[in-house]
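A.B. asks:
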Amino acid sequence: MTLSPPIADATAPPFVDGRKVLCNGKVEPWTGPVQEVFAPIYKAAGSEEKVLIGYQARMDEAASLKALDAAVASWSHGRGEWALATPEHRIAKIEELVKELKTVREQIVQVLMWEICKSAADAAKEFDRTMDFIAGTLKEYKAMLKADNAFVQMDGVLAQSRRGPIGVMLNLGPFNYPFNETYCTLIPALLMGNSVVMKLPNVGCLAHICSMETYAKVFPPGVVNFVSGAGRTTMPPIMATGKVDIFAFIGGSKAADALLKIHPEPHRLKASLALDAKNLGVVMPDCDMAATVTEVLAGSLSYNGQRCTALKLLFVHESIADAFLAAYCAKVDELKIGLPWESGVKLTPLPEPNKPAYLRELIADAKSLGAKVVNQLGEQEAGPFVRPTVLYPVSEKMRVWHEEQFGPLVPVVPFRELDDVYAYLAQSTFGQQASVFAGDVVKCAPLLDALANSVGRVNINAQCQRGPDYLPFSGRKSSALGTLSVTEALKTVSTEYVVATKDNAMGKAGMLSLAGAQCNCVASLI
Numbered sequence: 000m001t002l003s004p005p006i007a008d009a010t011a012p013p014f015v016d017g018r019k020v021l022c023n024g025k026v027e028p029w030t031g032p033v034q035e036v037f038a039p040i041y042k043a044a045g046s047e048e049k050v051l052i053g054y055q056a057r058m059d060e061a062a063s064l065k066a067l068d069a070a071v072a073s074w075s076h077g078r079g080e081w082a083l084a085t086p087e088h089r090i091a092k093i094e095e096l097v098k099e100l101k102t103v104r105e106q107i108v109q110v111l112m113w114e115i116c117k118s119a120a121d122a123a124k125e126f127d128r129t130m131d132f133i134a135g136t137l138k139e140y141k142a143m144l145k146a147d148n149a150f151v152q153m154d155g156v157l158a159q160s161r162r163g164p165i166g167v168m169l170n171l172g173p174f175n176y177p178f179n180e181t182y183c184t185l186i187p188a189l190l191m192g193n194s195v196v197m198k199l200p201n202v203g204c205l206a207h208i209c210s211m212e213t214y215a216k217v218f219p220p221g222v223v224n225f226v227s228g229a230g231r232t233t234m235p236p237i238m239a240t241g242k243v244d245i246f247a248f249i250g251g252s253k254a255a256d257a258l259l260k261i262h263p264e265p266h267r268l269k270a271s272l273a274l275d276a277k278n279l280g281v282v283m284p285d286c287d288m289a290a291t292v293t294e295v296l297a298g299s300l301s302y303n304g305q306r307c308t309a310l311k312l313l314f315v316h317e318s319i320a321d322a323f324l325a326a327y328c329a330k331v332d333e334l335k336i337g338l339p340w341e342s343g344v345k346l347t348p349l350p351e352p353n354k355p356a357y358l359r360e361l362i363a364d365a366k367s368l369g370a371k372v373v374n375q376l377g378e379q380e381a382g383p384f385v386r387p388t389v390l391y392p393v394s395e396k397m398r399v400w401h402e403e404q405f406g407p408l409v410p411v412v413p414f415r416e417l418d419d420v421y422a423y424l425a426q427s428t429f430g431q432q433a434s435v436f437a438g439d440v441v442k443c444a445p446l447l448d449a450l451a452n453s454v455g456r457v458n459i460n461a462q463c464q465r466g467p468d469y470l471p472f473s474g475r476k477s478s479a480l481g482t483l484s485v486t487e488a489l490k491t492v493s494t495e496y497v498v499a500t501k502d503n504a505m506g507k508a509g510m511l512s513l514a515g516a517q518c519n520c521v522a523s524l525i
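Under numbering that gives the first Met the number 0, think of the first position of the sequence shown as 0, with each following residue one higher.
#1: Whose C-alpha, out of Gly135, Asp8, Gln375, Glu341, is nearest the C-alpha of tyrosine 564?
#2: Under 7 Å Cβ to Cβ from glutamate 487, same chain only, skipping five residues before and after it: list those, please.
#3: Mapping DSSP to helix, strand and coil, what is leucine 524?
#4: Please state the DSSP three-state secondary structure of isoleucine 237.
#5: With respect to the beta strand (DSSP E) encompassing phenylalanine 429, which residues constitute its N-terminal and C-terminal limits?
#6: Is tryptophan 232 helix, strand or coil by DSSP?
#7: Ignore the nearest five residues each way along the sequence and tell me which others in valine 71's own chain have a CB closer than 7 Å to its CB.
#8: Roughly how many angstroms lie between the CA atoms of isoleucine 133 and lysine 124, to the nearest whole one?
#9: What first and last residue would you give for the beta strand (DSSP E) that runs through aspartate 68?
#10: Whole angstroms is fine: what's the gap from glutamine 379's alpha carbon to glutamate 333's?
#11: So, under 8 Å CB-CB, isoleucine 249 and glutamate 180 are touching, yes? Tell me the CB distance rounded to an integer number of Å.
#12: DSSP state of threonine 494, grouped into three classes?
#13: When you compare the CB positions of threonine 233 and alanine 62, do they come within less than 9 Å of one another, or not?
#14: Taking all protein chains shown into account, decide if serine 433 is buried (16 or more other Cβ within 10 angstroms of its Cβ) or exposed.
#15: In the DSSP assignment, the alpha helix (DSSP H) including phenylalanine 178 goes from what residue to what residue?
#16: Answer yes or no: do proline 526 and isoleucine 40 have a C-beta to C-beta separation smaller than 9 Å?
#17: Keeping to the same chain, check which residues put their C-beta closer than 7 Å to that of glutamine 109; ignore five residues upstream and five downstream.
#18: Taking 9 Å as the threshold (C-beta atoms), are alanine 188 and isoleucine 613 in contact?
#19: Taking the C-alpha atoms as reference points, what is the distance between arginine 18 and arginine 57?
#20: Do the region 417-435 and the region 272-279 touch if we need at least three Cβ pairs shorter than 8 Å?
#21: Out of Phe218, Trp81, Ala7, which has the shortest C-alpha to C-alpha gap to glutamate 95?
#22: Short check: CB of glutamate 114 to CB of valine 36, under 9 Å?
#23: In the DSSP output, what is aspartate 16 paired with across the bridge?
#24: In whole angstroms, give me the CA-to-CA distance for valine 372 and alanine 326.
#25: Taking the straight line between their C-alpha atoms, what separation do you get for leucine 524 and glycine 203?
#26: Just how far apart, CA to CA, sit alanine 255 and leucine 272?
#27: Out of curiosity, what's the CA-to-CA distance linking proline 177 and aspartate 439?
#28: Quick check on the burial criterion: 16 or more other C-beta atoms within 10 angstroms. Buried or exposed for serine 512?
#29: What separation, rounded to the nearest whole angstrom, lies between the Cα atoms of alanine 365 and glycine 192?
#30: Which residues mark the beginning and the end of the alpha helix (DSSP H) in which threonine 129 is found?
#31: How far does the beta strand (DSSP E) with valine 36 in it reach, from first residue to last?
#32: So methionine 505 is in the alpha helix (DSSP H); what residue range does that whole segment cover?
#33: What's the gap between the Cα of alanine 479 and the Cα of valine 196?
#34: Contact between the region 149-162 and the region 493-507 is defined here as three or more beta-carbon pairs at a separation below 8 Å; is this criterion met?
#35: With a 10 Å radius around its C-beta and 16 neighbouring C-beta atoms as the bar for buried, classify lysine 216 as buried or exposed.
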């Protein structure tokens, strides 16, 4: 079956003119360098020209620092308008933001389909899930405020403990979920009263550019500022100032480490990091074969395997390896490849220009060391279209054993004893999630216990995933720093403070007076 490159059909592409910047509450024209944004889709058969869908500003160091200074001025050492706003006011503004974002929903969904090639269903789901996350965060924030209303009387002290903002956040989101993942730290940070500089991903920037005017309309000057362009040009100067108080980052651990080292006072930098992941799938000999194949297929290749939670290394018991591979590879080769808006499409063009070449390197390395491509349609590519490749048997000598492929490449390892899995866990630098597929889960108790102390989430007869958002999303080793959920994210971007007085008549009268006055530090949300 021959694979042809992705060619644009009659569907009209979106166009987002990102020759502008959001800084200090204003959207202003950008007259500096500009980068064209292309969809990974060719204009016509036989052409190397891709579809132009927008522009993004290539901000320089000076422009980036201007955005940072706007956030710093907005924070104003905790005395800025947003930092001192009542919880009720901030809630109302976030609700206004949601209302405004929904007016550009269709534009954002179209951009997600064209720029990063999410299927129509997945693009819509990303936007809608983000709105659901905001609703859940608002609900949790209100519950947190009510819980904080209580006064504590102990050892002659009358006190109230609450949570407050930290300062200025630098927020860097990923290309694969540019909207949802970014908002998982952005919205909690804003709710708690922080000011934000948001770095747009180079791939996946247009969805955010669609929202510039919305942020300028809803929030006071400097509360939200966008930076676009090369990360190596814009991010180090911002971190070097020492003016960043919260660092929210989703991406590779090497990039995170490099930026953390630049901050002159890293001991006071509050970091929330979602980093490298190579989630393990362990297939036991007594698994339900049909159900396991279905779940592993979704877990390994949804959105072309471009998910941090994707199953990226499969350990399959040697007694069922041949049967599993036959069933799994048949399903892999049945996956429909096409343009994101086509019905039934499961595989779409890869948005990262260098990814096909990288995957070829991993495949060639594995083959040179004894692995084989075991699915009939493996190693097929045509421009940004890359069909999944299943490699077997994979060993620790191969790069794909150690590196996060983040694409449609599935390495499979045969194992005989659980000690083989334990040995992998001991040497792996990854620790986000794992999945175990078995019939008798009780027999897997030792494995489950080992995994629970090695990763952030253990899934039983289910693929790895982030949601639902009320569950903690964390990781061990080099996969994460901190925990995210609708509850934990609010804590991550805030700090506890205590207001206390003597537990006597004067103290009580004073505290109750403050609770009813214009003093946010002891104010209650009624």
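By construction, the Cβ of each residue, glycine as well, lies at the ideal position given by its N, Cα and C atoms.
C.D. replies: With the structure as the only source:
#1: No answer is possible for residue 564: the residues shown for the chain start at 0 and end at 525.
#2: As a position in the sequence shown, residue 487 is number 488, starting the count at 1. If we look at glutamate 487 and ignore the five residues flanking it on each side, its Cβ neighbours are Pro471.
#3: The sequence position of residue 524 within the sequence shown is 525, counting from 1. Caution is warranted here: a pLDDT of 38 is assigned to leucine 524, below 50, making its placement in the model unreliable, and no coordinate value can be reported.
#4: Here residue 237 refers to the residue found at position 238 of the sequence shown. Helix.
#5: Here residue 429 corresponds to residue number 430 of the sequence shown, with the count starting at 1. Neither: phenylalanine 429 is in no beta strand (DSSP E) and is coded neither H nor E.
#6: Reading the sequence shown from its first residue, position 233 is the one you call residue 232. The displayed chain sequence assigns threonine, not tryptophan, to residue 232. Note: threonine 232 maps to helix in three-state DSSP.
#7: Sequence index remark: in the sequence shown, residue 71 carries index 72 (1-based). Val167, Lys242.
#8: Locating residue 133 in the sequence shown gives position 134, where the first residue counts as 1. Locating residue 124 in the sequence shown gives position 125, where the first residue counts as 1. If you take the alpha carbons of isoleucine 133 and lysine 124, they lie about 14 Å apart.
#9: If you number the sequence shown from 1, residue 68 lands on position 69. Note, aspartate 68: premise wrong, no beta strand (DSSP E); alpha helix (DSSP H) at 60-74.
#10: As a first step, residue 379 is located in the sequence shown; it is residue number 380 there, counting from the start. As a first step, residue 333 is located in the sequence shown; it is residue number 334 there, counting from the start. Glutamine 379 and glutamate 333: Cα-Cα distance of roughly 14 Å.
#11: Here residue 249 is taken as the residue at index 250 of the sequence shown, counted from 1. Here residue 180 is taken as the residue at index 181 of the sequence shown, counted from 1. 5 Å between Cβ atoms; contact.
#12: The sequence position of residue 494 within the sequence shown is 495, counting from 1. Strand.
#13: Residue numbering aside, residue 233 sits at position 234 when the sequence shown is read from its first letter. Residue numbering aside, residue 62 sits at position 63 when the sequence shown is read from its first letter. In this structure, alanine 62 lies closer than 9 Å to threonine 233 by Cβ.
#14: Translated into the one-based positions of the sequence shown, residue 433 becomes position 434. In the sequence under discussion, the amino acid at residue 433 is alanine, which differs from the serine named in the question. Buried is the call here.
#15: Residue 178 sits at position 179 when you count from the first residue of the sequence shown. No alpha helix (DSSP H) contains phenylalanine 178, which DSSP labels as neither H nor E.
#16: One cannot answer for residue 526 here, as it falls past the ends of the chain, which runs 0 to 525.
#17: The residue given as residue 109 occupies position 110 in the sequence shown. If we look at glutamine 109 and ignore the five residues flanking it on each side, its Cβ neighbours are Pro13.
#18: Outside the displayed range of the chain (0 to 525) lies residue 613, so it cannot be described from this structure.
#19: For the purposes of this step, residue 18 is identified with residue 19 of the sequence shown, where counting begins at 1. For the purposes of this step, residue 57 is identified with residue 58 of the sequence shown, where counting begins at 1. Approximately 9 Å, taken between the alpha carbons.
#20: yes
#21: Position 96 of the sequence shown holds residue 95. Among Phe218, Trp81, Ala7, the Cα nearest to that of glutamate 95 is on Phe218.
#22: As a working mapping, residue 114 is identified with position 115 in the sequence shown. As a working mapping, residue 36 is identified with position 37 in the sequence shown. In this structure, valine 36 lies closer than 9 Å to glutamate 114 by Cβ.
#23: Translated into the one-based positions of the sequence shown, residue 16 becomes position 17. DSSP output for aspartate 16 lists Tyr54 as bridge partner(s).
#24: Your numbering for residue 372 matches position 373 in the sequence shown. Your numbering for residue 326 matches position 327 in the sequence shown. Each residue's alpha carbon lies about 15 Å from the other.
#25: Residue numbering aside, residue 524 sits at position 525 when the sequence shown is read from its first letter. Residue numbering aside, residue 203 sits at position 204 when the sequence shown is read from its first letter. Because the pLDDT at leucine 524 is just 38, under 50, the model does not fix this residue reliably, and the point stays unresolved.
#26: Here residue 255 corresponds to residue number 256 of the sequence shown, with the count starting at 1. Here residue 272 corresponds to residue number 273 of the sequence shown, with the count starting at 1. The alpha-carbon atoms of alanine 255 and leucine 272 are separated by roughly 8 Å.
#27: Residue 177 sits at position 178 when you count from the first residue of the sequence shown. Residue 439 sits at position 440 when you count from the first residue of the sequence shown. Computed Cα separation, rounded: 39 Å.
#28: For this step, residue 512 is matched to residue 513 along the sequence shown. By the 10 Å Cβ count, serine 512 comes out exposed.
#29: The count along the sequence shown starts at 1 and reaches residue 365 at position 366. The count along the sequence shown starts at 1 and reaches residue 192 at position 193. When rounded, the distance between both Cα atoms is 50 Å.
#30: Residue 129 sits at position 130 when you count from the first residue of the sequence shown. Looking at the DSSP string, the run of the alpha helix (DSSP H) that includes threonine 129 is 119-147.
#31: Here residue 36 corresponds to residue number 37 of the sequence shown, with the count starting at 1. 33-41 is the span of the beta strand (DSSP E), which, as asked, contains valine 36.
#32: Translated into positions along the sequence shown, residue 505 becomes position 506. Its alpha helix (DSSP H) spans residues 504-514.
#33: Along the sequence shown, read from residue 1 onward, the residue named residue 479 stands at position 480. Along the sequence shown, read from residue 1 onward, the residue named residue 196 stands at position 197. Whole-angstrom Cα-Cα distance: 21 Å.
#34: yes
#35: Position 217 of the sequence shown holds residue 216. It counts as exposed.
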